[in-house]
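K.L.:
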Amino acid sequence: MIGFFIKKAFFDGWDNLIGIVVHNLGFLLVMLAFMGSLSLGEVNMALSIPAIVLSLGLFSFFFAGSAISTYAYSRYERGGFEGFRRGIRESWRHALLFWALLLLESSLIFLVIPFYLSYGTIVGTVLSVVLFWVFAGLGMALMYFFPLFYQMRGDTPLKTLKKSFIILIDNLWFSLFQAIYQIITLALSLFLAGLAPGVTGMMLASSDATKLLMYKYDYLEENPEADKKHLPWDELLYEEQESVGHRSLRNMIFPWKD
325 MIGFFIKKAF FDGWDNLIGI VVHNLGFLLV MLAFMGSLSL GEVNMALSIP
375 AIVLSLGLFS FFFAGSAIST YAYSRYERGG FEGFRRGIRE SWRHALLFWA
425 LLLLESSLIF LVIPFYLSYG TIVGTVLSVV LFWVFAGLGM ALMYFFPLFY
475 QMRGDTPLKT LKKSFIILID NLWFSLFQAI YQIITLALSL FLAGLAPGVT
525 GMMLASSDAT KLLMYKYDYL EENPEADKKH LPWDELLYEE QESVGHRSLR
575 NMIFPWKD
């Protein structure tokens with residue numbers, strides 16, 4: 325399953341490279357706004373804090389709109405600008421919760437954890453370690469947040485968050501692998517100025533991962549006595565494997581020649 329996840333994430337990204345770059349340009353503008361808000365703190369902290377909060381809100385809503393495109397890409401469809409607008413319109417409640425959680429994550433990593441570490445005591449160190457794992461656990465759960473919303477659009481934001489944690493805990497080793505995959509993707513993106521794979525490529529990987537995991541839960545719902553540790557992944561992913569197909573380097577660069 326992990327091998328196919330890597331393959332699908334790569335080829336879905338390749339097939340939608342232009343769309344990914346366009347979305348990443350938007351994310352880069354949002355990132356510039358965030359960095360500008362941080363630098364404003366050197367001049368006026370009273371203005372910097374609201375600017376940081378607003379820039380994280382802008383990121384959250386742009387993320388929500390882009391998530392519907394990556395959801396479409398994972399299903400071999402196209403999102404488009406109208407899809408982006410619809411994504412924000414449909415998921416604004418989830419975007420608000422995502423915004424609040426981003427503020428929490430930012431506070432933990434930039435303020436709270438450094439504050440406890442500054443004490444230089446055992447208690448401060450232990451609290452910092454505990455809070456770091458809270459930060460990491462929430463971050464990994466958020467990988468599934470918007471993909472799950474677009475899978476189950478009737479759920480409330482808190483219900484989607486709860487399901488995100490359930491999937492994280494139930495698929496802990498795969499989630500850890502996905503987190504490492506996302507870190508590698510982020511590092512690769514730095515060499516490409518954030519244009520590819522970038523934030524959108526990371527979102528697409530999360531959409532692909534969530535889609536593949538849903539096959540597991542559909543199967544277990546139909547076969548409640550099945551062994552969760554020994555699932556017939558080849559059978560479950562057969563249609564996906566057929567959709568991705570066999571790709572050659574020639575086909576990737578010159579698809580019209582095959």
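First residue of the sequence shown: 325, per the working numbering; consecutive thereafter.
Quick reminder that beta carbons are idealized off the backbone N, C-alpha and C, glycines included.
Closest by CA to Leu475, which one among Thr449, Val447, Asp532 and Ile344?
P.N.:
Residue mapping note: residue 475 aligns to position 151 of the sequence shown, counting from 1. Position check: residue 475 holds Gln in this sequence, whereas Leu was assumed. The shortest Cα separation from Gln475 among Thr449, Val447, Asp532 and Ile344 belongs to Asp532.
K.L.:
Indicate whether the contact test is met: 3 or more Cβ pairs, each with one atom in the region 526–540 and one in the region 355–371, closer than 8 Å.
P.N.:
They do not touch, by the three-pair rule.
K.L.:
Around the Cβ of Lys552, are there at least 16 other Cβ atoms within 10 angstroms (buried) or fewer (exposed)?
P.N.:
By 1-based counting over the sequence shown, the position of residue 552 is 228. It is exposed - the Cβ of Lys552 has fewer than 16 other Cβ atoms within 10 Å.
K.L.:
Which word fits Ser363, buried or exposed, when buried means at least 16 other C-beta atoms lie within 10 angstroms of its C-beta?
P.N.:
Taking the first residue of the sequence shown as 1, we reach residue 363 at position 39. It is exposed - the Cβ of Ser363 has fewer than 16 other Cβ atoms within 10 Å.
K.L.:
So for Ala517, helix, strand or coil by DSSP?
P.N.:
Along the sequence shown, one-based indexing puts residue 517 at 193. Here Ala517 sits in coil by DSSP.
K.L.:
According to DSSP, is Val367 part of a helix, a strand, or is it coil?
P.N.:
In the sequence shown, counting from the first residue as 1, residue 367 sits at position 43. In this structure, Val367 counts as coil in the three-state DSSP scheme.
K.L.:
What is the rounded straight-line gap between the Cα of Leu378 and the Cα of Phe422?
P.N.:
Taking the sequence shown and counting its residues from 1, the one referred to as residue 378 is at position 54. Taking the sequence shown and counting its residues from 1, the one referred to as residue 422 is at position 98. Roughly 13 Å separates the two Cα atoms.
K.L.:
If you compare alpha carbons, which of Pro438, Thr524, Ala517 and Asn495 is closest to Gly343?
P.N.:
As a first step, residue 343 is located in the sequence shown; it is residue number 19 there, counting from the start. Ranking Pro438, Thr524, Ala517 and Asn495 by Cα distance to Gly343 puts Thr524 first.
K.L.:
Please classify Ala465 as buried or exposed, where buried requires at least 16 neighbouring CB atoms within 10 angstroms.
P.N.:
The residue given as residue 465 occupies position 141 in the sequence shown. Buried, because 16 or more other Cβ atoms sit within 10 Å of the Cβ of Ala465.
K.L.:
Is Pro548 buried or exposed, if buried means 16 or more other CB atoms sit within 10 Å of its CB?
P.N.:
Walking along the sequence shown from the start, residue 548 turns up at place 224. Exposed.
K.L.:
His418 to Phe405, Cα distance in whole Å?
P.N.:
For the purposes of this step, residue 418 is taken as residue 94 along the sequence shown, with counting starting at 1. For the purposes of this step, residue 405 is taken as residue 81 along the sequence shown, with counting starting at 1. Approximately 20 Å, taken between the alpha carbons.
K.L.:
Between the alpha carbons of Ser583 and Ile376, how many angstroms are there, rounded?
P.N.:
Residue 583 cannot be examined here, being either before or after the span of the chain that is shown, 325 to 582.
K.L.:
Could you tell me the alpha carbon to alpha carbon distance between Ile392 and Gly403, rounded to whole angstroms?
P.N.:
Along the sequence shown, read from residue 1 onward, the residue named residue 392 stands at position 68. Along the sequence shown, read from residue 1 onward, the residue named residue 403 stands at position 79. Answer to the nearest angstrom: the Cα atoms are 7 Å apart.
K.L.:
By the DSSP assignment, the alpha helix (DSSP H) with Ala419 in it spans what residues?
P.N.:
Here residue 419 is taken as the residue at index 95 of the sequence shown, counted from 1. First-last of the alpha helix (DSSP H) with Ala419: Gly404 to Ser431.
K.L.:
In angstroms, rounded to a whole number, what distance separates the CA positions of Phe329 and Ser442?
P.N.:
Within the sequence shown, the letter at position 5 stands for residue 329. Within the sequence shown, the letter at position 118 stands for residue 442. Answer to the nearest angstrom: the Cα atoms are 41 Å apart.
K.L.:
Taking the alpha carbon of Ala460 as the reference point, which residue from Ile490, Gln565 and Leu500 has its own alpha carbon closest?
P.N.:
In the sequence shown, counting from the first residue as 1, residue 460 sits at position 136. Among Ile490, Gln565 and Leu500, the Cα nearest to that of Ala460 is on Leu500.
K.L.:
Can you tell me whether Met527 is helix, strand or coil according to DSSP?
P.N.:
As a position in the sequence shown, residue 527 is number 203, starting the count at 1. Helix.
K.L.:
Rounded C-beta distance between Val345 and Ala520? I'm assuming under 8 Å.
P.N.:
In the sequence shown, counting from the first residue as 1, residue 345 sits at position 21. In the sequence shown, counting from the first residue as 1, residue 520 sits at position 196. Going by Cβ atoms, the distance from Val345 to Ala520 rounds to 6 Å, so yes, they are a contact pair.
K.L.:
Using only alpha-carbon positions, find the residue among Val568, Leu528 and Leu425 that is nearest to Leu380.
P.N.:
Reading the sequence shown from its first residue, position 56 is the one you call residue 380. Of Val568, Leu528 and Leu425, the residue nearest in Cα terms is Leu425.
K.L.:
Please work out which residues of its chain come closer than 6 Å, Cβ to Cβ, to Met325, disregarding the five sequence neighbours upstream and downstream, and give them in chain order.
P.N.:
What you label residue 325 is simply residue 1 of the sequence shown in a count that begins at 1. Trp557.
K.L.:
Where does the unbroken alpha helix (DSSP H) through Met467 begin, and where does it stop?
P.N.:
Taking the first residue of the sequence shown as 1, we reach residue 467 at position 143. Met467 -> no alpha helix (DSSP H), and no H or E assigned at all.
K.L.:
With burial defined as no fewer than 16 other Cβ atoms inside 10 Å of the residue's Cβ, what is the status of Asp336: buried or exposed?
P.N.:
What you label residue 336 is simply residue 12 of the sequence shown in a count that begins at 1. Classification of Asp336: buried, given that the 10 Å Cβ count is 16 or more.
K.L.:
As a quick exercise: from Phe387, Tyr400, Trp338 and Val354, pick the residue whose alpha carbon is nearest that of Glu566.
P.N.:
Position 242 of the sequence shown, counting from 1, holds the residue named residue 566. Considering only alpha carbons, the answer is Tyr400.
K.L.:
Grouping DSSP H, G and I as helix and E and B as strand, with all else coil, what is Ser442?
P.N.:
The count along the sequence shown starts at 1 and reaches residue 442 at position 118. DSSP places Ser442 in coil when its eight states are reduced to three.
K.L.:
Cutting at 6 Å between CB atoms, please list the residues of its own chain near Phe408, excluding the five before and the five after it.
P.N.:
By one-based count along the sequence shown, residue 408 stands at place 84. So the list reads Gly389, once near-sequence residues are dropped.
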